[in-house]
Amino acid sequence: MDFSPQMFRNIPKVAYDHYKEGNLNYPMIIYVSLVHIVAVAGLFALPKCSKETLLWAFILWPISGLGITSGVHRLWAHRSYEAHFVVRLVLMLANSIANQGSIYHWSRDHRVHHKYSETHADPHNATRGFFFAHMGWLLIKKHPDVVKAGRDMDFSDLLEDPLVVFQKKLDPWFALYMCYVMPAQVASHFWGEDFWTAFLVAGGLRYCYVLHCTWLVNSAAHLYGDHPYDVLSYPAENPLVSWFAIGEGWHNWHHKYPFDYSASEFGISSQFNPSRLFIDMLACVGLVWNRKRGLSAWAMGKARRERDAANGIPLPKAPPRPWEVEAKKVE
Ligand SMILES: [Zn+2]
Ligand SMILES: [Zn+2]
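What follows is the structure, encoded as structure tokens:
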């Protein structure tokens with residue numbers, strides 16, 4: 001793993017260049033700054049927390065996480081399985097606790113990300129470095145190619161789900177309520193926690209933490225890890241990201257077969273994937289069906305891979321990474 005300083009050294013200069021070009025997204029800069037200020041206040045409120053509130057904040061990590069991974073990502077953005085209305089309702093509510101924009105907008109950006117990975121039309125193009133792919137993309141105005149790609153693609157299927165329409169109509173107020181206020185109301189009502197202590201810890205601190213867990217998929221899992229399924233693509237197999245993002249770090253496989261509900265080749269005993277376990281458990285009781293897999297598509301290429309290996313044909317070379325290009329310039 002190469003954490004070359006070149007990746008971070010240019011951030012102030014790049015930020016200044018964007019400022020000069022009038023390219024900064026001020027509302028988002030203020031919002032993201034406030035999110036982090038509230039999270040820091042949450043750190044200071046930790047010693048005042050009851051055990052119940054700490055547990056509640058901890059549990060809200062996988063709960064809100066599933067609203068992103070099994071919910072907006074695998075169900076709505078990729079349509080990798082189908083689910084009963086009750087499951088979709090629970091996932092929509094969990095997704096609102098995660099407060100990462102509406103299901104409609106998240107899915108739109110994500111489909112564009114898959115179609116145009118690592119180009120200017122990719123909302124969080126990882127060739128622009130770790131910080132841009134992680135959170136920098138939220139702080140500047142979208143590249144015109146991203147806007148055009150979003151306009152040219154069809155997302156009408158998303159609006160056929162009344163739950164998606166409901167959440168979109170109430171955006172952002174419902175998500176802000178579910179993210180910050182609801183956790184505090186639950187804690188103060190059921191175990192008498194101070195409202196603002198729970199607001200800061202189970203709301204603000206947990207929210208900011210889960211945001212970074214999600215962002216790691218776009219940054220770390222696009223830059224660090226193995227590429228067993230597609231050596232030419234940036235997305236990588238990253239176990240650490242899978243841990244933080246409850247099973248979304250098997251990203252080389254995921255970009256190869258985005259329709260695969262598991263977002264990983266192997267089962268949960270060898271690849272950490274609570275998001276898949278959640279979907280499988282619901283399938284056992286008939287609330288989820290039509291789970292798609294990429295295994296047969298991958299197996300079809302096996303004969304060609306073995307023939308190439310037997311004939312001594314090497315795998316294609318991986319594209320140069322941003323820090324390698326930067327390092328060459330410095331030399
Ligand atoms: Zn990706
Ligand atoms: Zn995806």
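Residue numbers (full-length UniProt numbering): 1 to 331.
For every residue, glycine included, the Cβ atom is placed at its ideal position computed from N, Cα and C.
The alpha-carbon of ALA220 is positioned some 31 Å away from that of ASP157. Within the same chain, ASN99 come within 8 Å of LEU176 by CB-CB distance, once the 5 residues on both sides are set aside. If you ignore the 5 residues before and after PHE195, its C-beta comes within less than 6 Å of the C-beta of ALA184, SER188, all in its own chain and listed in chain order. In this structure, the straight-line span from the alpha carbon of GLY136 to that of ALA94 is close to 25 Å.
For a cut-off of 8 Å, the C-beta gap from SER80 to ARG88 is around 14 Å, too long to register as a contact. A straight-line Cα-Cα distance of about 16 Å links SER64 and LEU216. Looking at the backbone, the Cα of LEU200 and that of LYS302 are separated by about 51 Å.
Under DSSP, TRP250 shares a beta bridge with GLU237. Ranked by how close their Cα comes to the Cα of HIS18, the residues LEU205, GLN271, LEU139 have LEU139 in first place. TRP61 and GLY67 have their C-alpha atoms some 10 Å from each other. If you compare the alpha carbons of LEU282, ARG151, LEU240, GLU237 with that of LEU91, the shortest gap goes to LEU282.
Between ligand 1 and the CB of ASN290, the shortest heavy atom gap is not smaller than 7 Å.
Here the distance from the Cβ of ASN311 to the nearest heavy atom of ligand 1 is not below 7 Å.
By the criterion of at least three beta-carbon pairs nearer than 8 Å, the stretch 228 to 248 is in contact with the stretch 265 to 281.
Taking 8 Å as the cut-off, the Cβ atoms of LYS168 and SER262 do not count as close. Per DSSP, ARG151 is one residue of the alpha helix (DSSP H) stretching across 144 to 152. The continuous alpha helix (DSSP H) containing ALA41 extends over residues 26 to 45.
Annotation for GLU193: SER50, THR53, ALA187 place their beta carbon closer than 6 Å to its own, counting only its chain and skipping 5 residues before and after. The Cβ atoms of HIS120 and ASP145 sit closer than 8 Å to each other.
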